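Counting in the working numbering, the sequence shown runs from 31 upward without gaps.
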Amino acid sequence: MKSPRIFVPNDATAVACGADRVARKLEAGLAARGVTADITRNGSRGLFWLEPLIEVETERGRVGYGPVKPSDIEDLLHAGILHGADHPLCVGVVDEIPYLKKQTRLTFARIGIINPLSLTDYKAHGGYRGLERAITLGPSATVEEVVESGLRGRGGAGFPTGIKWRTVAAAPADQRYIVCNADEGDSGTFADRLIMEADPFCLIEGMTIAGLAVGATKGYVYCRSEYPLAFVVMEKAIEKARDAGLLGNNILGSGLAFDMEMRMGAGAYVCGEETALLESLEGKRGLVRAKPPLPAHKGLFQKPTVINNLVSLATVPVILDKGGKYYRDFGMGRSRGTMPIQIAGNVKYGGLFETAFGIPLGELVYDIGGGTASGRPVKAVQAGGPLGAYLPTHQFDTPFDYEAFTAKDALIGHGGLVVFDDTADMADMARFAMEFCAHESCGKCTPCRIGSTRGVETLDKVMAGEKREQNLALLTDLCHTMKLGSLCALGGFTPYPVMSALNHFPEDFGAAPKLPAAAE
Ligand SMILES: Cc1cc2nc3c(=O)[nH]c(=O)nc-3n(C[C@H](O)[C@H](O)[C@H](O)COP(=O)(O)O)c2cc1C
Ligand code: SF4
């Protein structure tokens, strides 16, 4: 009889929820019964409220049980989970769970399905087909395929990836670089981490395609220091790819060269900003550089550099495999393809939801996310990280689309949504935004360095009821100065959470409430 195949995730979320203890208990329980089983440590499917989620391969598909505690294992084995038996923790066939079934997984197609460090698994699920096609197409046609896909940077600014690659490819140089931005500092986001931990070859393939396309032979992944597990998984995957001739001087026997290395950040949010990141990679303090020159012309070590977010790079393999047109057929307007939306905060069903652009915000919060975990009414959602606006419920019909969000003074950013219930004090949240900016400011320009500290002081006065109207006017004026006078988006976007909190929830600042229509 074939040994049963069981999956227990070992990404950081599942491990934090106790997956390692569950795996050990499962091994012991199977050994005690004399059962030989193949326990594969996969990555999370991104349905975090179910973690640790055990899956058992059956004729019906992979049947899931979760969230499993070590103390549940005996009962689960007794019930017959090795045959996909029913049990109160059984969630049925995992692929049929509506949260997963409603998604369009292109970038995250293999997440939770494969053993992250198995090249055989990776290739069996479409891996390296994109690179093979890129080698056949050659550099400029590869770049044009990415242009055709309409892919825009998933790190925040939404700049077209193919156009950036074209610029780097055309810049005369003896050396070019690919830099992957895996600093992932935005609140509520984890998409970069999940790729590194659950499908690392996808990033390696994407960076290799980028390297061959623009003529760069060297790549670096700048990984945030809070991701030690992702760092280790990536290092192992790079080693395996090198051993298999998928990195190095003769990629897939083509005679073409590309290699890459991991680098660890030191915990500064501003080092996610591309030029501060480059400074940090060069071993210097993470100070933002003035632009121009753009990194595409003078980037790492003053050489032309593609710097892309991790999700942007990990989306390239599917684009090359299935074609730019296939990818651009998903989405709306100028927002093409899919976005891994990360639903977090005070929400019932937190996790990763990859879907085509255009889905309304309210559907994500209520229908997918299930509303608040506390069961209280939703008050607002902060989208796009700590520099993103708070959207109140009357804006929940806004489609998830770069332009539609911009029209509401909001940001899609890296696709993070943080949900708040009606107990949230928006004046506190506005103060937090200013305090965060003061703490993370690189100090290069005055509106951000000094303005954010003055912002905290002014908000403290407002909250203490001191000359409220004058101080609110001062705060508005200060936000205007920061928005227009800051060198980078840290100082330039901090006003958005502050002003959206004030405009939509003036009563939290002790000011007279506005009608919703006037708040926009
Ligand atoms: C303060 C600040 C922090 C940022 N943090 C990140 C980050 O953690 N990850 C990221 O990919 N981009 C971040 N960005 C955006 C990058 O500067 C840059 O636009 C991005 O890496 C480009 O890649 P993309 O075009 O693929 O999005 C940040 C920008 C600012 C201003
Ligand atoms: S806005 Fe802030 S983080 Fe950006 S360059 Fe100025 S001081 Fe540095």
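Backbone N, C-alpha and C fix where the C-beta goes; we use that ideal spot for every residue, glycine too.
Note that the structure is predicted; figures quoted are calculated from it, not measured.
Unbroken alpha helix (DSSP H) run spanning residue i, endpoints
i	result
F462	456 to 470
G59	49 to 62
I281	Careful: I281 lies outside any alpha helix (DSSP H) and carries neither H nor E.
P347	340 to 352
I103	103 to 109
C232	230 to 244
V123	No alpha helix (DSSP H) holds V123; the beta strand (DSSP E) holding it covers 120 to 123.
T88	Not the alpha helix (DSSP H): T88 falls in the beta strand (DSSP E), residues 84 to 88.
Y420	No alpha helix (DSSP H) holds Y420; the beta strand (DSSP E) holding it covers 420 to 422.
R163	159 to 167
G521	519 to 523
A503	498 to 515
K131	128 to 131
A154	149 to 154
T134	Counting along the chain, T134 falls outside any alpha helix (DSSP H), and DSSP gives it neither H nor E.
E309	304 to 311
With 16 other Cβ atoms within 10 Å as the buried cut-off, status of residue i
i	result
M258	According to the sequence displayed, residue 258 carries Pro and not Met. Flag for P258 reads exposed.
N376	buried
P546	Here the model assigns P546 a pLDDT of 48, short of 50, so the residue's position is not dependable, and the following value carries that caveat. P546 should be labelled exposed.
S342	buried
K132	exposed
T150	exposed
T385	buried
R163	buried
H469	exposed
V86	buried
S471	buried
A49	buried
R319	buried
D431	buried
K55	buried
R90	exposed
H444	buried
S101	exposed
F383	buried
S555	Any property of residue 555 remains undetermined from this structure, which presents the chain solely from 31 to 550.
D273	exposed
H424	exposed
R254	buried
H534	buried
G168	exposed
One or two residues paired with residue i in a DSSP bridge
i	result
D490	According to DSSP, D490 bridges with nothing at all.
Q372	L382, G446
P390	P429
V209	Y250, I337
T43	Paired residue(s): none; T43 is not in a bridge.
M294	C253
D68	R35
R366	G361
D273	Bridge partners of D273: none, in fact.
V93	V86, V123
F288	G278
A413	L447
L224	DSSP lists no partner for L224.
R182	P190
L77	G381
V589	Given a span of 31 to 550 for the chain in the structure shown, any question on residue 589 remains unanswerable.
Range covered by the beta strand (DSSP E) that runs through residue i
i	result
C253	248 to 253
D397	Per DSSP, D397 belongs to no beta strand (DSSP E) and is neither H nor E.
V198	It is not in any beta strand (DSSP E) - V198 instead sits in the alpha helix (DSSP H) that spans 191 to 200.
Counting Cβ pairs closer than 8 Å, one from the segment 350 to 368 and one from the segment 326 to 339, do we hit at least three? no
When the Cβ atoms of the segment 511 to 526 are set against those of the segment 492 to 503, are three or more pairs found closer than 8 Å? no
Are there three or more Cβ pairs, one per stretch, closer than 8 Å when the segment 394 to 413 is compared with the segment 473 to 491? no
Counting beta carbon pairs with one atom in the segment 197 to 208 and one in the segment 277 to 287, are three or more of them shorter than 8 Å? no
Counting pairs of Cβ atoms below 8 Å between the segment 214 to 225 and the segment 266 to 280, do you hit three or more? no
Would you call the segment 448 to 458 in contact with the segment 385 to 403, where contact means no fewer than 3 C-beta pairs closer than 8 Å? yes
Check whether the segment 486 to 499 and the segment 408 to 427 touch, using three or more Cβ-Cβ pairs below 8 Å as the test. no
Would you check if there are 3 or more beta carbon pairs closer than 8 Å linking the segment 164 to 184 to the segment 361 to 370? yes
Would you say the segment 451 to 461 touches the segment 305 to 317, given that touching needs at least three Cβ pairs under 8 Å? no
Counting Cβ pairs, one atom from each stretch, are 3 or more of them under 8 Å apart for the segment 225 to 239 and the segment 185 to 199? no
Meets three-Cβ-pair contact criterion under 8 Å: the segment 390 to 398 and the segment 142 to 149: no
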